[in-house]
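Residues 157 to 297 in my numbering are what the sequence shown lists, from first letter to last. Glycine included, every Cβ here is placed at the ideal spot set by N, Cα and C. Predicted model, so just to flag it, every value in this text is computed and none were measured. Below is one structure; the comments refer to it alone.
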Amino acid sequence: MKLLIGVLLIIHGLIVAAISAGSMNPSSGLQNPSWLGWWPTNLGQSWLLSSTGLESSHIVIRFLNLFTLAGGIALVAAGLGVLGFLIPAGWWPALAVAGAAISLCFLVIYLHPLYAIGISLNVAILVALVWAHWPPELISS
């Protein structure tokens, strides 16, 4: 169980960090497939930022990139903490909550149906660690 949770947190963190590296393209985004033609924005475009006029602000986009990168790093660090490698084991729950919350903020700002798995995973992390008070002792053995 410990290995599975640690690896999943690391993989999720790497995906979040990769998304932060430039998937946001306010000008056109990545064209939606034909079966997703009903969705109002392309992948990489923000429904929230475009409606407020902030999508053309390079400062806002760079801040969101760095913020999301921090979330990815926090998730990777949480996974390493679960595995007991480089990061103290007691830190992993706080790192996982911070990383999942940051990632969820990004996914809501850039909401797209293709982000459903990431949103679900972030919500599962937050529910398990914050709402259900899942004890970290379960995987520390």
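Exercise for the section: Ignore the nearest five residues each way along the sequence and tell me which others in S190's own chain have a CB closer than 7 angstroms to its CB. Expected result: Residue numbering aside, residue 190 sits at position 34 when the sequence shown is read from its first letter. Closer than 7 angstroms at the Cβ level, and outside the excluded window around S190, lies no residue.
Exercise for the section: Can you tell me which of the three DSSP states L277 falls into? Expected result: Residue numbering aside, residue 277 sits at position 121 when the sequence shown is read from its first letter. L277: helix per DSSP, three-state reduction.
Problem - Beta-carbon contacts of V286 that lie in its chain and below 8 angstroms, excluding the five residues immediately before and after - result: Stepping through the sequence shown from its first residue, residue 286 is reached at position 130. The residues are V253.
Exercise for the section: Only counting runs of 4 or more residues, tell me where the alpha helix (DSSP H) segments fall wholly within the stretch 198-279, in order along the chain. Expected result: 203-208, 214-239, 248-265
Handout entry: Nearest residue (CA-CA) to P269, options I171, Q201, L164
Key = The count along the sequence shown starts at 1 and reaches residue 269 at position 113. The shortest C-alpha separation from P269 is found at Q201.
Problem - Residue burial classification, A318 (beta-carbon count within 10 angstroms, cutoff 16) - result: This structure does not reach residue 318, given that the chain is present from 157 up to 297, and the question cannot be answered.
Practice task
Could you tell me if W248 is buried or exposed, where buried requires 16 or more neighbouring beta carbons within 10 angstroms of its beta carbon?
Solution key: What you label residue 248 is simply residue 92 of the sequence shown in a count that begins at 1. W248 comes out buried.
Practice task
Going by DSSP, name the residue or residues bridged to L186.
Solution key: Within the sequence shown, the letter at position 30 stands for residue 186. DSSP output for L186 lists L199 as bridge partner(s).
Practice task
Measure the CB-CB distance between F262 and L231 and report whether it falls below 8 angstroms.
Solution key: In the sequence shown, residue 262 corresponds to position 106, counting from 1. In the sequence shown, residue 231 corresponds to position 75, counting from 1. Cβ atoms of F262 and L231: not closer than 8 angstroms.
Practice task
Report the rounded CA-to-CA distance for G240 versus L159, giving the unit in angstroms.
Solution key: On the sequence shown, position 84 is the one that residue 240 refers to. On the sequence shown, position 3 is the one that residue 159 refers to. Each residue's Cα considered, the two are about 10 angstroms apart.
Exercise for the section: Please classify S207: is it buried, with 16 or more other beta-carbons within 10 angstroms of its beta-carbon, or exposed? Expected result: The residue given as residue 207 occupies position 51 in the sequence shown. Result: exposed.
Handout entry: Proximity winner among H168, G237, A226, I265, relative to L204 (alpha-carbon distances)
Key = On the sequence shown, position 48 is the one that residue 204 refers to. Comparing Cα positions, the closest option is I265.
Problem - A174 (DSSP reduced to helix, strand or coil) - result: Position 18 of the sequence shown, counting from 1, holds the residue named residue 174. DSSP places A174 in helix when its eight states are reduced to three.
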